[in-house]
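Position 38 of the sequence shown, counting from 1, maps to 33 under my numbering, and the rest follow consecutively.
Cβ coordinates follow ideal geometry from the N, Cα and C atoms, glycine included.
None of these values were measured; they are calculated from a predicted model.
Working notes, structure below.
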Amino acid sequence: TPTQFCEAPQADFSDTLKEVGFSSDLCLVTERTYTVSKAMLLGFIEAVCTFTIPENLLKEFCQDHYRRMKKQYSVWQNDQGEVYLSFPFIFLVAHAAKV
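What follows is the structure, encoded as structure tokens:
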């Protein structure tokens, strides 16, 4: 998205809404940290990418994506040997009306 890598997503998105004829009642950026198991993360990746990645490449793509995320984010293991990843996520929530 246009605001994905910008430094001030709240202001940029609010300005974009105004430029295209919307009145912005709320534009809020919230940060959260998610902790998910390997199985959960692979399920999320597969659910999102199942329509864009050819079926014969989907499992390999999911594993590659998981390996990349393991290098980027915090990884830990519980007493049962299950692997978990913790990663930050930024939400931009907006409520606007066409003027």
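Close Cβ partners of residue i (< 6 Å) along its chain, the five nearest in sequence each way excluded
{"i": "VAL88", "result": "LEU23"}
Alpha-carbon spacing of residue i relative to residue j, whole angstroms
{"i": "TYR61", "j": "LYS13", "result": "38 Å"}
{"i": "LEU36", "j": "VAL78", "result": "11 Å"}
{"i": "CYS57", "j": "GLN67", "result": "15 Å"}
{"i": "LYS65", "j": "ALA3", "result": "27 Å"}
{"i": "PHE8", "j": "GLY76", "result": "42 Å"}
{"i": "ASP74", "j": "ASP59", "result": "26 Å"}
{"i": "SER69", "j": "ARG63", "result": "12 Å"}
Bridge partners - residue i, DSSP secondary structure assignment
{"i": "LYS93", "result": "PHE17"}
{"i": "LEU80", "result": "VAL31, VAL70"}
Sequence-distant residues of the same chain with beta carbon closer than 7 Å to residue i, five excluded per side
{"i": "VAL94", "result": "GLY16, PHE17, SER18"}
{"i": "ILE85", "result": "VAL24, GLU26"}
Within 9 Å, strictly: CB atoms of residue i and residue j
{"i": "LEU80", "j": "VAL31", "result": "yes"}
{"i": "PHE82", "j": "THR28", "result": "yes"}
{"i": "LEU53", "j": "GLU41", "result": "yes"}
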